[in-house]
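Asks: I'd like to ask some things about the structure below.
Numbering (the numbering used here), first residue to last: 729 to 1146.
Following this line, the structure appears as structure tokens:
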């Protein structure tokens, strides 16, 4: 019966996108069916999705007070099992309902909760990426140490020099990260203080347009941090690895040791991965290239690694290059995250990506033939990040997936947005 409940909820999400009276009747019917199943199951965890979608129904009918009541009921049913991206979406939708109901004070309060949750999600993701890089680096360092211990005194002497250099790099990197973190905390404190002052002075005159600009500012700040991190990786660790590789090559000129050659090859692979991470993080590197070029580069990247084949369809041809720079950039970051999720979790052999540009809307469909997942239970940081980026450009996302049946993701974005 849980699958039947999810089916009715998903159908209500699908019908409400058509925004006409006939579709709204279908939405209401599906929600009544879902409510009946929830009452039979007596599962309070389902009330979040039920109340959330009832709120969307009344919001679409422009009955904003009723919509707000249902959204508040959904808030009261949030627990540890509630997906974070759904909570973010609820905050965003409830804030919109308050604005449309001319209740700007409550709209601001809800939006601030949404921003705090978004910042928490971003911090978790950043810390996880840093831990992964550091763990990989430590593993490579340990393997290198084990291999060098079997060599003669000349190689041992060189190994000590390398350890000292690598240790220095780690210290420098950690110092840079510490300074960066302290500066970020200081900046956040200043921003928080300024926002409190602005809040006390400007609440009565707050408008939805100003709130959107503030969200855009947060995203731009995150992208600036990506640029700085990309430069630190490229100039710091990348340069150090290149230097170590050169020294090993010089030592091995006379030794001609095959194992050292293998180490050099592994270091080159690590350098290439760091360089790719740096380029993927860099905002300016992405904005300088056309959209179809970036997509084809993604396609070749995963094909060269032997992960999966990708079919890319853009209609009309080159149409994606004509949309706004911000929309192109945010959409590419979303597609990049979809590829990453497929690579990590789906075990797919085929991906189909289609981008269609209409007069007023951009439609993106991402499909894979992988293992799929339960949409109602699995929502990782990647999906939450996608939802956050789409909110900046007023985009919507629908995910259709079940275990063993692959995944289809539909994204709609206004063509003339930000």
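For glycine and all other residues, C-beta sits at the position ideal for the given N, C-alpha and C.
For residue 1080, list the residues DSSP reports as bridge partners.
Replies: Answer is 1039, 1095.
Asks: Name the DSSP bridge partner or partners of residue 1089?
Replies: Looking at the DSSP assignment, residue 1089 forms a beta bridge with 1142.
Asks: What are the complete alpha helix (DSSP H) segments, minimum 4 residues, inside the region 786–816?
Replies: Complete alpha helix (DSSP H) runs here, min 4: 792–804.
Asks: Nearest to residue 759 by alpha carbon, out of 746, 889, 786, 748?
Replies: Measuring from the Cα of residue 759, the nearest candidate turns out to be 786.
Asks: Just verifying my parser: in three-state terms, what is the DSSP assignment at residue 1124?
Replies: In the structure shown, residue 1124 sits in a strand (DSSP, three-state: E or B).
Asks: Considering just the uninterrupted stretch of the alpha helix (DSSP H) at residue 745, what are its terminal residues?
Replies: Segment: none, residue 745 is in no alpha helix (DSSP H) and carries neither H nor E.
Asks: Do you know how far the Cα of residue 961 is from the Cα of residue 688?
Replies: Not covered by the structure: residue 688. The range shown for the chain is 729 to 1146.
Asks: Between which two residues does the alpha helix (DSSP H) harbouring residue 878 extend?
Replies: From DSSP, residue 878 is part of no alpha helix (DSSP H); its letter is neither H nor E.
Asks: Using the DSSP secondary-structure output, state which residues sit across from residue 897 in a beta bridge.
Replies: Per DSSP, none; premise fails for residue 897.
Asks: Closest to residue 1090 by C-alpha separation, out of 1049, 1100, 1077, 817, would be which residue?
Replies: The shortest C-alpha separation from residue 1090 is found at 1049.
Asks: Report the three-state DSSP secondary structure of residue 1129 (helix, strand or coil).
Replies: Looking at residue 1129 - three-state DSSP - the assignment turns out to be strand.
Asks: Looking only at C-alpha atoms, which of 996, 798, 1043 sits nearest to residue 1019?
Replies: The candidate whose alpha carbon is nearest that of residue 1019 is 1043.
Asks: Please classify residue 1085 as buried or exposed, where buried requires at least 16 neighbouring CB atoms within 10 angstroms.
Replies: It is buried - the Cβ of residue 1085 has at least 16 other Cβ atoms within 10 Å.
Asks: Out of 831, 843, 979, 789, point me to the one whose CA is closest to residue 880's CA.
Replies: Checking every option, the nearest Cα to that of residue 880 belongs to 979.
Asks: Could you tell me the distance, in whole angstroms, from the CA atom of residue 862 to the CA atom of residue 906?
Replies: Near 15 Å, if we compare the C-alpha coordinates of residue 906 and residue 862.
Asks: Considering only DSSP beta bridges, list what residue 1137 is partnered with.
Replies: 1094, 1127.
Asks: Would you call residue 825 buried or exposed, if buried means 16 or more other Cβ atoms sit within 10 Å of its Cβ?
Replies: Residue 825 should be labelled buried.
Asks: Are the CB atoms of residue 776 and residue 805 nearer to each other than 8 Å?
Replies: Yes, the Cβ-Cβ distance between residue 776 and residue 805 is below 8 Å.
Asks: What residue from 833, 1112, 930 has the CA that sits closest to residue 1148's CA?
Replies: This structure cannot speak to residue 1148, because the chain is shown only from 729 to 1146.
Asks: Taking the alpha helix (DSSP H) that residue 1071 falls in, what are its first and last residues?
Replies: Careful: residue 1071 lies outside any alpha helix (DSSP H) and carries neither H nor E.
Asks: State the Cα-Cα distance for the pair residue 836 and residue 823, rounded to the nearest angstrom.
Replies: Whole-angstrom Cα-Cα distance: 7 Å.
Asks: Under three-state DSSP, which class holds residue 1051?
Replies: Residue 1051 falls in the coil class under three-state DSSP.
Asks: Who are the Cβ neighbours of residue 1134 in its own chain at under 6 Å, not counting the five residues just before and after it?
Replies: The residues are 1096, 1097, 1098, 1100.
Asks: For residue 1021, does the count of other Cβ atoms within 10 angstroms reach 16, so buried, or fall short, so exposed?
Replies: Per the 10 Å Cβ criterion, exposed.
Asks: Using only the alpha-carbon positions, how far apart do residue 1026 and residue 766 sit?
Replies: About 43 Å.
Asks: Can you list the beta strand (DSSP E) stretches of 3 or more residues lying completely in the region 749–781, in chain order?
Replies: You should have found no qualifying run.
Asks: What's the C-alpha gap between residue 883 and residue 872?
Replies: Near 12 Å, if we compare the C-alpha coordinates of residue 872 and residue 883.
Asks: Any beta carbon of chain B sitting closer than 8 Å to that of residue 906?
Replies: Among the chains of the structure shown, chain B does not appear; only one protein chain is present.
Asks: From the DSSP output, in three-state form, read off residue 1065 for me.
Replies: The answer is helix: DSSP assigns residue 1065 an H, G or I state.
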